[in-house]
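In the order they appear, the protein sequences are chains A and B. Taking our numbering, I'd label the letters of the first sequence as residues 349 to 467. Taking our numbering, I'd label the letters of the second sequence as residues -16 to 130. Just so you know, even glycine gets a beta-carbon here, dropped at the ideal spot from N, CA and C. Computed from a prediction, not measured in an experiment: that's the story for all the values here.
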Amino acid sequence: MEINPLIVVAVLLLVAYTFFYTPGGQIRNLLILFVLFIIGFTLVVAVSEMPLFGSIDAPAYNHVARRYITGTVPETGSINAVAAIIMDFRAFDTLGEATVLFTAIASVLASLGAQRRKQ
Amino acid sequence: MDDLVTHSVCRFMVPFVQLYGVYLIFYGHLSPGGGFAGGAVVAASIILYALSFGRETASRRIASGVSQLMESGGGLWFILVGLFGILLGANFLANKAAGFYLGTPGQFFSSGIIVLLSFGIGIKVASTMITLYYNLSAEVDEHGNDI
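So, in structure tokens, the structure goes:
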């Protein structure tokens, strides 16, 4: 079943309008409606420009995806394509993710651990 | 939490959860899983243990300092494996080009650095979650002493 993106955007805008609605402020409400209409129009145009789900002409399906599918077994020896991508083809990217973990733990230790060693 | 039911269930469950986490880490190249998921499962077992037996008892199994060392060690192991590729005359984090043993696809001893990197990532994710839990659950009084 395909959900019409127009309906989704309309429902979201209705929710947003009831959230921002103020009783009495007619001009303010009209302004909010106008801004929400512009946002919704932009979203609908952006969605209508996107390729269909699973389309073979999608920009994301390029030579890189084909290389991953055909090259996983001969180039890495792994039978799990996901593991081959994150640990071999894009291992440098995974090193960046490890850096994110390191940064998180460093900030937690700097903010919470310093409190303990204060005295 | 001094509860007999919680203690018994956790004492029974923790080894199985840890075994499953280690399995996820080391079979990441053969089945769904890998370092991130397996490390999270291993860390969840330690956090479960700390929740039921208290942080002090869990600290005797894995101390906070050991966890922090493991955290740095996992990242350093990742970089060392990557530098090994340069040492063998290929790119940083090279696998086949550096001559790592690829083996037969589907066997456990296969796919070169993928297992090694999964191991490092698993240690790093597990120790990160454990360190986070230890630090976020720790309470200090107004003088900065542990309660």
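ask   = Mind listing which residues of the region 74 to 92 of chain B have their C-beta closer than 8 Å to chain A's C-betas, in chain order?
value = Listed in sequence order: 75, 76, 78, 79, 85, 86, 87, 88 and 89.
request  = Count the C-beta pairs between the region 34 to 43 of chain B and the region 65 to 83 of chain B that are closer than 8 Å, then say yes if the count reaches three, no if not.
outcome  = They do not touch, by the three-pair rule.
request  = Would you decide whether residue 382 of chain A is buried or exposed? Buried here means 16 or more other CB atoms lie within 10 Å of its CB.
outcome  = Looking at its Cβ environment, which holds fewer than 16 other Cβ atoms inside 10 Å, residue 382 of chain A is exposed.
ask   = So does the region 400 to 408 of chain A actually touch the region 62 to 78 of chain B, counting three or more Cβ pairs closer than 8 Å?
value = Cβ pair count under 8 Å is below three, so no.
query = What number of angstroms, rounded off, separates the C-alpha of residue 376 of chain A from the C-alpha of residue 368 of chain A?
reply = Residue 376 of chain A and residue 368 of chain A: Cα-Cα distance of roughly 9 Å.
key: CB contact check: residue 398 of chain A to chain B, cutoff 8 Å   = With 8 Å as the cut-off, residue 398 of chain A does not count as an interface residue toward chain B.
key: Straight-line gap, residue 467 of chain A to residue 461 of chain A (C-alpha atoms, nearest Å)   = Residue confidence is low: residue 467 of chain A scores 45 on pLDDT, short of 50, so the model does not pin down where it sits. Its coordinate-derived value is still stated next. Their Cα atoms are separated by approximately 12 Å.
Cutoff 8 Å: residue 442 of chain A Cβ touching any chain B Cβ = So yes, residue 442 of chain A belongs to the interface.
key: Backbone CA spacing between residue -10 of chain B and residue 36 of chain B [nearest angstrom]   = For residue -10 of chain B and residue 36 of chain B, the gap between their C-alpha atoms comes out near 7 Å.
With 16 other Cβ atoms within 10 Å as the buried cut-off, status of residue 386 of chain A = Residue 386 of chain A should be labelled exposed.
task = Run down chain B in chain order and give the residues with a C-beta less than 8 Å from the C-beta of residue 426 of chain A.
result = The contact set of residue 426 of chain A on chain B, defined by CB atoms closer than 8 Å, consists of 12, 13, 88, 93, 94 and 97 in chain order.
task = Assign residue 122 of chain B to buried or exposed, taking buried as 16 or more other Cβ atoms, counted over all protein chains shown, within 10 Å of its Cβ.
result = Exposed, by the Cβ-count rule.
request  = Determine the direct distance from the alpha carbon of residue 65 of chain B to that of residue 399 of chain A, and round the result to whole angstroms.
outcome  = It is roughly 38 Å from the alpha-carbon of residue 399 of chain A to the alpha-carbon of residue 65 of chain B.
request  = Report back the beta-carbon spacing between residue 18 of chain B and residue 86 of chain B to the nearest angstrom; my notes put them in contact at under 8 Å.
outcome  = In fact, because the Cβ distance is near 19 Å, the residues do not count as touching under 8 Å.
message = Determine, for residue 24 of chain B, whether the minimum Cβ-Cβ distance to residues of chain A falls below 8 Å.
response = At a cut-off of 8 Å between beta carbons, residue 24 of chain B makes no contact with chain A.
query = On the premise that residue 97 of chain B lies in contact with residue 431 of chain A, defined as a C-beta separation below 8 Å, what is that separation, rounded to the nearest angstrom?
reply = Right, their Cβ atoms sit about 6 Å apart.
key: Interfacial residues, the region 103 to 117 of chain B to chain A, with Cβ spacing under 7 Å   = Per Cβ criterion, the list reads 104, 107, 108, 111, 114 and 115.
query = Under a Cβ-count criterion, where at least 16 other Cβ atoms within 10 Å of its own Cβ denotes burial, should residue 451 of chain A be classed as buried or exposed?
reply = Flag for residue 451 of chain A reads exposed.
request  = Determine, using beta carbons only, whether residue 433 of chain A comes closer than 8 Å to chain B.
outcome  = So no, residue 433 of chain A is outside the interface.
inquiry  = Tell me the DSSP secondary structure of residue 87 of chain B in three-state form.
reply    = In the structure shown, residue 87 of chain B sits in coil (DSSP, three-state: anything other than H, G, I, E or B).
task = Taking C-beta pairs closer than 9 Å, name the residues in chain A that residue 61 of chain B reaches, listed in chain order.
result = Those within 9 Å of residue 61 of chain B in chain A are 439, 442, 443 and 446.
task = With a threshold of 16 other CB atoms inside 10 Å of the CB of residue 78 of chain B, please say whether the residue is buried or exposed.
result = When all chains shown are included, residue 78 of chain B counts as buried.
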